[in-house]
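Colleague: Numbering (mature numbering (1 follows the signal peptide of the UniProt record, and there is no 0)), first residue to last: -19 to -1, 1 to 537.
Input: one structure, supplied below.
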């Protein structure tokens, strides 16, 4: 009954993704950008070579899911940073700074401050391959793995749709290739990376992408500062001079004026980070908990540096592009015209700035890096989804104790192919739909379902299976329903006159609801299993502190 109810709710949760929305408008296809295509082909050939080597070295489930735990802390930090520095971060935050000034940093601040929360989770010593291993350590395997896998698949589904549509629009705009070709290219490559190379290939794709993105953004920000004598005050003064909002771009409140909305957005970004399945999987690729903590420490520095660069790029866009619209090579030319949206709000300011400071070849380089960024992120998402199907649902629930490691890995590869094909189809179906809300929904589900179950199972002795199960379901359903009833979906996508839920970001309400449900249900659970689970907490704590490991250590 529990499994059937969870699977039914998982299908209902995915329902809003199929709703039709308003047309984003036709994206004008540009002339074929050969420098960008050549640079991207070089990236693809390099990463395919790495995938070939990774495939030869993947002999076990540990190799496929976690790169055998052999990734160094510094390499893993680059991979984590690569996972996190998505096209939404690079193009979107610089675009928000371009339109709103300092307020554009609200997203980067929310992303960054989520890392200390991740740092305090004892994932590496309690888990094996996925965060469901940790959440189910002392609780019922079947129930907790199903709710954890459901949360993972919902996050992956919504995130993948946004990324696939974004890839198609971006390539259509930058490379001059048809939308369908772009979606197919991304889907096929992510299938190859995951199905053949597993975590090793996915890790090195992220590392290479992170280095290229950091290098390109550093050059761009340095070129902007060079134009203004490496004096940020001069850059800001020029931005205030040419921006239609004037000095308002240096003050808060221009992007999110409602305090409740701002707090809810921050909560979703902070705690959603700690519940993203493709990010959490990276903690199992290193040898021990100390290396995992080092990975987070180094990654935080890299990500913080990157967000400083996007801040400079955004203000550089104001100072250079608004004062000389001739730099615009994509989208409409004009001082304050927003460039053509990639995914309902992510614009091309950074790409046009690349042309302004580095000419057509640097424009091609940044275009190729932007595409590689999406490709790397969808590979990580696909691996997380495939792992949830093969490891959490099949190996640990459906065929528990009746399967082999080789069969589990083969099933994961099949799942990666299926997810890739479905992602291509969804990317094509949603070409002209407003999918901007899906990224917010992915973070809301991660913060309201995945994070409460994970945190309470690790940190509170009183957590029981029934409490975690009820809390996870309440958080999942609440996050999805609140997003559907918000202005972003209920009005902008479904065409209703007014929202039924007043805020676009529900995490401030849905996440505490999940935590409260876990506490209440666990507190009233007086079953024998609950008593065993509470007693097992001490053993869990000892193992998490000593790093003994979690394999086979369950309370029942």
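A virtual CB, placed ideally from N, CA and C, is assigned to each residue, including glycine.
In chain order, what residues of the same chain lie with their CB nearer than 7 angstroms to the CB of residue 4, ignoring the 5 residues before and after it?
Modeller: As a working mapping, residue 4 is identified with position 23 in the chain shown. In this prediction, residue 4 has a pLDDT of 32, which is less than 50 and means its spatial position is unreliable; what the coordinates show is noted afterwards. Cβ neighbours of residue 4 beyond the five flanking positions: 413.
Colleague: With a cut-off of 8 angstroms on the beta carbons, I'd call residue 460 and residue 426 a contact; round off their distance for me.
Modeller: Locating residue 460 in the chain shown gives position 479, where the first residue counts as 1. Locating residue 426 in the chain shown gives position 445, where the first residue counts as 1. With a Cβ gap of about 5 angstroms, residue 460 and residue 426 count as contacting.
Colleague: Using a Cβ-Cβ cut-off of 8 angstroms (strictly less than) and excluding sequence neighbours within five positions of residue 243, which residues of its own chain qualify?
Modeller: Residue 243 sits at position 262 when you count from the first residue of the chain shown. Correct list, in chain order: 87, 237.
Colleague: Leaving out five residues on either side along the sequence, give the residues of the same chain with a beta carbon under 6 angstroms from the beta carbon of residue 298.
Modeller: The sequence position of residue 298 within the chain shown is 317, counting from 1. Hits under 6 angstroms: 79, 330, 334.
Colleague: Just to confirm the assignment, what range does the alpha helix (DSSP H) spanning residue 388 have?
Modeller: Locating residue 388 in the chain shown gives position 407, where the first residue counts as 1. From DSSP, the alpha helix (DSSP H) with residue 388 extends over 386 to 410.
Colleague: Excluding the 5 residues flanking residue 198 on each side, which residues of the same chain have their C-beta closer than 6 angstroms to its C-beta?
Modeller: Within the chain shown, residue 198 is the residue found at index 217, counting from 1. Cβ neighbours of residue 198 beyond the five flanking positions: 290.
Colleague: Classify residue 166: buried if its beta carbon has 16 or more other beta carbons within 10 angstroms, exposed otherwise.
Modeller: Stepping through the chain shown from its first residue, residue 166 is reached at position 185. Buried, since its Cβ has 16 or more Cβ neighbours within 10 Å.
Colleague: Could you tell me which of 141, 347, 26, 488 sits nearest to residue 432, measuring between CA atoms?
Modeller: Position 451 of the chain shown, counted from the first residue, corresponds to residue 432. Among 141, 347, 26, 488, the Cα nearest to that of residue 432 belongs to 488.
Colleague: To the nearest angstrom, how far is the alpha carbon of residue 363 from that of residue 212?
Modeller: Counting from one through the chain shown, the residue named residue 363 turns up at place 382. Counting from one through the chain shown, the residue named residue 212 turns up at place 231. Roughly 43 angstroms between the two C-alpha positions.
Colleague: With DSSP as the reference, label residue 496 as helix, strand or coil.
Modeller: As a working mapping, residue 496 is identified with position 515 in the chain shown. If DSSP states are grouped into helix, strand and coil, residue 496 belongs with the helices.
Colleague: Nearest to residue 411 by alpha carbon, out of 23, 18, 139?
Modeller: Counting from 1 along the chain shown, the entry for residue 411 is found at position 430. For the residues 23, 18, 139, the minimum Cα distance to residue 411 belongs to 139.
Colleague: Tell me which residues share the same chain as residue 369 and place their Cβ nearer than 6 angstroms to its Cβ, disregarding the 5 neighbours each side in the sequence.
Modeller: The residue labelled residue 369 in the question sits at position 388 within the chain shown. Cβ within range, chain order: 130, 133, 134.
Colleague: So, at 7 angstroms on beta carbons, what are the nonlocal neighbours of residue 58 in its own chain, with the 5 sequence-adjacent residues on each side left out?
Modeller: By one-based count along the chain shown, residue 58 stands at place 77. The answer, listed in chain order, is 276, 279, 280, 283.
Colleague: Are there three or more Cβ pairs, one per stretch, closer than 8 angstroms when the segment 450 to 459 is compared with the segment 506 to 513?
Modeller: Short answer: they don't touch.
Colleague: Residues in the same chain with beta-carbon distance under 8 angstroms from residue 205, minus the five sequence neighbours each way, listed in chain order, please.
Modeller: As a first step, residue 205 is located in the chain shown; it is residue number 224 there, counting from the start. The answer, listed in chain order, is 216, 293, 294, 296, 297, 300, 301, 334, 338.
Colleague: How would you call residue 15, buried or exposed, if buried means at least 16 neighbouring beta carbons within 10 angstroms?
Modeller: Counting from one through the chain shown, the residue named residue 15 turns up at place 34. Per the 10 Å Cβ criterion, exposed.
Colleague: By a C-beta neighbour count over all protein chains shown, 10 Å radius and 16 as the cutoff for buried, is residue 44 buried or exposed?
Modeller: On the chain shown, position 63 is the one that residue 44 refers to. Buried, because 16 or more other Cβ atoms sit within 10 Å of the Cβ of residue 44.
Colleague: Is the beta carbon of residue 449 closer than 8 angstroms to that of residue 467?
Modeller: The residue you call residue 467 lines up with position 486 of the chain shown. The residue you call residue 449 lines up with position 468 of the chain shown. Not closer than 8 angstroms, so no.
Colleague: Give, in chain order, every unbroken run of the alpha helix (DSSP H) that is at least 4 residues long and sits entirely within the segment 144 to 182.
Modeller: Taking only runs of at least 4 residues, the alpha helix (DSSP H) segments lying wholly in the segment 144 to 182 are 160 to 173.
Colleague: Which residues in the same chain have their Cβ closer than 6 angstroms to the Cβ of residue 121, if we skip the five residues on either side of it in sequence?
Modeller: Position 140 of the chain shown, counted from the start, is the residue given in the question as residue 121. Excluding positions up to five away in sequence, the list reads 446.
Colleague: Considering only the beta carbon of each residue, do residue 230 and residue 220 sit closer than 8 angstroms?
Modeller: Taking the first residue of the chain shown as 1, we reach residue 230 at position 249. Taking the first residue of the chain shown as 1, we reach residue 220 at position 239. Closer than 8 angstroms, so yes.
Colleague: When the Cα of residue 286 is compared with those of 257, 440, 194, 361, which residue comes out closest?
Modeller: On the chain shown, position 305 is the one that residue 286 refers to. Nearest C-alpha to residue 286: 194.
Colleague: With residue 21 as the anchor, note down where its alpha helix (DSSP H) starts and where it stops.
Modeller: Position 40 of the chain shown, counted from the start, is the residue given in the question as residue 21. Per DSSP, residue 21 belongs to the alpha helix (DSSP H) from 15 to 38.
Colleague: I need the DSSP call for residue 466, collapsed to helix, strand or coil.
Modeller: Here the question's residue 466 lines up with position 485 in the chain shown. In the structure shown, residue 466 sits in coil (DSSP, three-state: anything other than H, G, I, E or B).
Colleague: Quick one: Cα of residue 304 to Cα of residue 225, how far?
Modeller: Translated into the one-based positions of the chain shown, residue 304 becomes position 323. Translated into the one-based positions of the chain shown, residue 225 becomes position 244. Roughly 11 angstroms between the two C-alpha positions.
Colleague: In the structure shown, what three-state DSSP assignment does residue 518 receive?
Modeller: Here the question's residue 518 lines up with position 537 in the chain shown. The answer is helix: DSSP assigns residue 518 an H, G or I state.
Colleague: Could you tell me the alpha carbon to alpha carbon distance between residue 268 and residue 386, rounded to whole angstroms?
Modeller: In the chain shown, counting from the first residue as 1, residue 268 sits at position 287. In the chain shown, counting from the first residue as 1, residue 386 sits at position 405. Approximately 20 angstroms, taken between the alpha carbons.
Colleague: Evaluate the contact criterion for the segment 391 to 409 versus the segment 165 to 181: three or more CB pairs, one atom per stretch, below 8 angstroms.
Modeller: The segment 391 to 409, when compared against the segment 165 to 181, does touch it at the 8 angstroms Cβ threshold.
Colleague: Let me confirm a value: residue -4 is counted as buried when at least 16 other C-beta atoms fall within 10 Å, else exposed. Which label applies?
Modeller: For the purposes of this step, residue -4 is taken as the residue at position 16 of the chain shown. Confidence is the limiting factor: at residue -4 the pLDDT is only 31, short of 50, which leaves the residue's position unreliable, though a coordinate-based value still follows. Counting Cβ neighbours within 10 Å, residue -4 comes out buried, since at least 16 surround it.
Colleague: How many angstroms separate the CA atom of residue 493 from the CA atom of residue 429?
Modeller: Within the chain shown, numbered from 1, the residue matching residue 493 stands at position 512. Within the chain shown, numbered from 1, the residue matching residue 429 stands at position 448. Roughly 8 angstroms separates the two Cα atoms.
Colleague: Terminal residues of the continuous alpha helix (DSSP H) containing residue 246?
Modeller: Reading the chain shown from its first residue, position 265 is the one you call residue 246. Start and end: 240 to 254.
Colleague: Find the nearest neighbour of residue 265 within the set 234, 342, 202, 184, judged by alpha-carbon distance.
Modeller: Against the chain shown, residue 265 aligns to sequence position 284. When only C-alpha atoms are compared, the closest one is 184.
Colleague: For residue 226, does the three-state DSSP call read helix, strand or coil?
Modeller: Here the question's residue 226 lines up with position 245 in the chain shown. If DSSP states are grouped into helix, strand and coil, residue 226 belongs with coil.
Colleague: For the alpha helix (DSSP H) containing residue 75, list its first residue and its last residue.
Modeller: Position 94 of the chain shown, counted from the start, is the residue given in the question as residue 75. Taken as a continuous stretch (DSSP letters only), the alpha helix (DSSP H) holding residue 75 covers 75 to 81.
Colleague: Please report how far the alpha carbon of residue 451 lies from the alpha carbon of residue 497, in whole angstroms.
Modeller: Position 470 of the chain shown, counting from 1, holds the residue named residue 451. Position 516 of the chain shown, counting from 1, holds the residue named residue 497. Using only the alpha carbons, I get a separation of about 10 angstroms.
Colleague: Report yes or no: do the segment 16 to 29 and the segment 346 to 355 share at least 3 C-beta pairs separated by less than 8 angstroms?
Modeller: Touching, per the Cβ criterion.
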